[in-house]
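Novice: Attaching a single structure in structure tokens format; questions to follow.
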Amino acid sequence: MTTDNDRQMKAIILYDSRSTGGSTDRLIDAIGQQLAETGAYVEKAKCKATADYSFISDFDVVILGAPVYYLVVSSQLIGALIQSNLKRYLKNKNVALFVTCGSPESMAQALYMPQLKIHLIRNRILAERIIAPHQIADEEVIGEFVEEIDEAYRKSFKPRSRKQLQWSPDAVDLLNSLPPFFANKVSAALSIYAEENGITYITPEVLNAARSSPKGY
Ligand SMILES: Cc1cc2nc3c(=O)[nH]c(=O)nc-3n(C[C@H](O)[C@H](O)[C@H](O)COP(=O)(O)O)c2cc1C
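Counting in numbering that gives the first Met the number 0, the sequence shown runs from 0 upward without gaps.
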């Protein structure tokens, strides 16, 4: 039986760079190769600010990224997000982001990544990375990024386990004794806790364990 989890991910890397054969070209090749090794179908396309992006409808995941020149994320990618129909076709898409630059990561997180994210506030961001030119050949760095994308993508299919959760009568009584708005919060938090811990049957003990867990559900 084929499940959603076996479904082949179709990913497109939309990128920009002023150079040919530079860091960004090498980076997208490395990302593409590692993604293909997970079984994904991958394409890449260089951005143009005025292009038609309707073709991205065919893809499940859109990976957007570019280098930084003089404090600004490369202009054709930003231009596409502002001027073209890219943002419209990105609606409801899973996206992943990368920025390649020479600045320290903290500076890049504060100054450069927001230049992309400000256009993607309604998107589900599967993963994001600042990647320095010297990290491009580091299979572990690229591998972690790709793994995070793949994992988050597969999770997006997981049926919300809340519906499948069974509650013991005691646990239901406890939940019902709470004010409704609080009970809803507890129930939602519990389904996350249960999913993360492989629990399918909620008892008062599980409720206690969730409450005293480090994440404090
Ligand atoms: C003209 C120029 C300006 C740059 N300006 C910045 C910058 O303001 N901040 C930064 O972190 N990196 C900066 N860099 C570093 C590039 O972002 C980095 O080397 C990137 O990987 C280049 O990608 P490319 O080889 O595809 O062009 C600059 C590089 C160049 C060549």
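Don't be surprised by glycine CBs; every beta carbon is placed ideally from N, CA and C.
1) Report the three-state DSSP secondary structure of residue 213 (helix, strand or coil).
2) Are three or more beta carbon pairs between the stretch 129-148 and the stretch 174-185 nearer than 8 Å?
3) Excluding the 5 residues preceding and the 5 following residue 127 in the sequence, name in chain order all residues of the same chain whose CB lies nearer than 6 Å to its CB.
4) Report yes if the CB atom of residue 25 is closer than 9 Å to the CB atom of residue 68, and no otherwise.
5) So, helix, strand or coil for residue 10, using DSSP?
6) Using a threshold of 9 Å, state whether the C-beta atoms of residue 167 and residue 192 are closer than that.
7) Within a Cβ cutoff of 7 Å, which residues of the same chain sit near residue 75, ignoring the five residues on either side of it in sequence?
8) Can you check which of these residues, 73, 60, 171, is closest to residue 115 by C-alpha distance?
9) Considering only residues of the same chain and omitting the five flanking positions on each side of residue 151, which have a CB-CB separation below 7 Å?
10) Shorter than 8 Å, the distance from the beta carbon of residue 107 to the closest heavy atom of ligand 1, or not?
11) Under the DSSP definition of a beta bridge, which residues are partnered with residue 63?
12) Would you mind working out which of 169, 22, 148 sits nearest residue 204, comparing C-alpha positions?
13) Between the Cα of residue 19 and those of 38, 7, 65, spot the shortest distance and give me the residue it belongs to.
14) Less than 8 Å between C-beta atoms, sequence neighbours within five positions excluded: which residues of the same chain meet that for residue 107?
15) If you drop the 5 nearest sequence neighbours on each side, which residues of the same chain put their C-beta closer than 6 Å to that of residue 84?
16) Under 8 Å from any heavy atom of ligand 1, does the C-beta of residue 199 make it?
17) Could you pull out every residue in the same chain whose Cβ sits closer than 7 Å to the Cβ of residue 93, ignoring the five residues on either side in sequence?
18) In terms of residues, what are the limits of the beta strand (DSSP E) holding residue 52?
19) Would you mind sorting residue 31 into buried or exposed? The rule is 16 or more other CB atoms within 10 Å of its CB.
20) On the DSSP bridge list, what partners appear for residue 43?
Specialist: Based on what the coordinates show:
1) Translated into positions along the sequence shown, residue 213 becomes position 214. Of the three classes helix, strand and coil, the one that applies to residue 213 here is coil, per DSSP.
2) no
3) Residue numbering aside, residue 127 sits at position 128 when the sequence shown is read from its first letter. Cβ neighbours of residue 127 beyond the five flanking positions: 96.
4) In the sequence shown, residue 25 corresponds to position 26, counting from 1. In the sequence shown, residue 68 corresponds to position 69, counting from 1. Going by C-beta atoms, residue 25 is not nearer than 9 Å to residue 68.
5) Numbered from its first residue, the sequence shown carries residue 10 at position 11. DSSP places residue 10 in the strand class (E or B) of the three-state scheme.
6) Against the sequence shown, residue 167 aligns to sequence position 168. Against the sequence shown, residue 192 aligns to sequence position 193. In this structure, residue 192 does not lie closer than 9 Å to residue 167 by Cβ.
7) Sequence index remark: in the sequence shown, residue 75 carries index 76 (1-based). Hits under 7 Å: 15, 46, 47, 48.
8) Working through the sequence shown from its first residue, we reach residue 115 at position 116. Of 73, 60, 171, the residue nearest in Cα terms is 73.
9) Within the sequence shown, the letter at position 152 stands for residue 151. Once the five neighbours on either side are set aside, the close Cβ partners of residue 151 are 125, 126.
10) Along the sequence shown, read from residue 1 onward, the residue named residue 107 stands at position 108. Yes, since a heavy atom of ligand 1 falls inside the 8 Å radius drawn around the Cβ of residue 107.
11) Numbered from 1 along the sequence shown, position 64 holds the residue referred to as residue 63. DSSP, once it has assigned bridges, lists 13, 96 as partnering residue 63.
12) Taking the first residue of the sequence shown as 1, we reach residue 204 at position 205. Selected option, being the one with the closest Cα: 169.
13) For the purposes of this step, residue 19 is taken as residue 20 along the sequence shown, with counting starting at 1. Ranking 38, 7, 65 by Cα distance to residue 19 puts 65 first.
14) Counting from one through the sequence shown, the residue named residue 107 turns up at place 108. Around residue 107: 67, 98, 100, 129.
15) The sequence position of residue 84 within the sequence shown is 85, counting from 1. Sequence-distant partners of residue 84 (beyond 5 residues in either direction) whose C-beta falls short of 6 Å from its own C-beta, in its chain, are 52.
16) One-based indexing of the sequence shown puts residue 199 at position 200. At a cut-off of 8 Å, the beta-carbon of residue 199 does not count as near ligand 1: no heavy atom of the ligand is closer than that.
17) For the purposes of this step, residue 93 is taken as residue 94 along the sequence shown, with counting starting at 1. These residues qualify, in order along the chain: 59, 60, 123, 125, 152, 155.
18) Here residue 52 refers to the residue found at position 53 of the sequence shown. No beta strand (DSSP E) holds residue 52; DSSP gives it neither H nor E.
19) Residue numbering aside, residue 31 sits at position 32 when the sequence shown is read from its first letter. Buried is the call here.
20) In the sequence shown, counting from the first residue as 1, residue 43 sits at position 44. Partner(s): 12.
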